[in-house]
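Asker: In the UniProt record's numbering, the protein residues as written are 1 to 235.
1. Quick one: residues in its chain with C-beta nearer than 7 Å to the C-beta of residue 186, no 5 flanking neighbours on either side, listed in chain order?
2. Quick check on DSSP: helix, strand or coil for residue 218?
3. Among all the DSSP beta bridges, which residues are the ones paired with residue 201?
4. Looking at C-beta atoms only, is the number of pairs between the region 177–195 and the region 145–157 that lie closer than 8 Å three or more?
5. Ignoring anything shorter than 4 residues, give me the alpha helix (DSSP H) runs that lie fully in the region 120–168, in order along the chain.
6. Count the other CB atoms within 10 Å of the CB of residue 207; is the residue buried (16 or more) or exposed (fewer)?
7. Just grab the DSSP bridge partners of residue 70 for me.
8. Would you check if the region 92–109 and the region 42–58 touch, i.e. whether three or more CB-CB distances between them fall below 8 Å?
9. Excluding five sequence neighbours on each side, which residues of the same chain lie with their C-beta closer than 8 Å to the C-beta of residue 76?
10. If distances are taken between C-alpha atoms only, which option among 184, 83, 158 comes closest to residue 135?
11. I'd like to confirm the pairing. Which residues does DSSP put opposite residue 91 in its beta bridges?
12. Whose CA, out of 102, 218, 234, 182, lies closest to the CA of residue 64?
13. Determine the DSSP secondary structure at residue 115, reduced to helix, strand or coil.
14. Let's see if you can read the secondary structure: which residues bound the alpha helix (DSSP H) around residue 228?
15. Which residues mark the beginning and the end of the alpha helix (DSSP H) in which residue 179 is found?
16. Cutting at 7 Å between CB atoms, please list the residues of its own chain near residue 164, excluding the five before and the five after it.
17. Thinking just about the alpha-carbon of each residue, which of 57, 56, 51 is nearest to the one in residue 86?
18. With H, G and I counted as helix, E and B as strand and the rest as coil, what does DSSP make of residue 108?
19. Which value, in whole angstroms, describes the spacing of the CA atoms of residue 161 and residue 202?
20. Taking all protein chains shown into account, decide if residue 191 is buried (16 or more other Cβ within 10 angstroms of its Cβ) or exposed.
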């Protein structure tokens, strides 16, 4: 029986690669657990739909996960379809459907923009109930771009405190939101507003998504963690 050195080499390299992949996967899992412990086990829910703004979804989730926050993407679509298609045709796979999260508690609930995605979140009563429950429980409620329109629909009609917040948004949404909130500050990329221990964090659009994520992270953890992540992503 002849010895096939080439075959032996391939088997060895495949096994080595497999072991390396396993090692890296375990390392990443350990790192994620360590980050989660450092963040105090904070959890965030990001509401998404077909037509949600790509950058605002991905950048916000990325920043929070880098900071050790356990972030779940939650679809508000009527059918539990996967994947969803964002405003600029990037596809995302939600972790959960809106029916799966009723009664669960998160430290932050976040609404990205994108006009079509925002319309669906605005029309979703279950999403509204989650936003209102968390707002009343003094959890962070955040929205970016057109997302504050969903906050105005679900919060301002049911909770008088919500109308006392300053917000910012995508400029085209300002006229509508001026009728619902205390003021719309288009000169600020991120507005962090607290009224009677209830907090809204809002931001303007795709270019401000990293700042938006960092502000949410600073509130879920602390400024030190947010600055650490800011440095790593060169923001």
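The beta carbon of each residue, even a glycine, is placed where N, CA and C say it ideally should be.
Answerer: Put simply:
1. Answer for residue 186: 168, 171, 174, listed in chain order.
2. helix
3. 142, 192
4. yes
5. Taking only runs of at least 4 residues, the alpha helix (DSSP H) segments lying wholly in the region 120–168 are 125–136, 148–151.
6. It counts as exposed.
7. 43
8. yes
9. 47, 48, 49, 98, 120, 121, 124, 126, 127
10. Residue 158 is the option with its Cα nearest to residue 135.
11. 85
12. 218
13. helix
14. 223–232
15. Looking at the DSSP string, residue 179 is not in any alpha helix (DSSP H), and its letter there is neither H nor E.
16. 182, 195
17. 51
18. strand
19. C-alpha separation (whole angstroms): 16 Å.
20. Label assigned to residue 191: buried.
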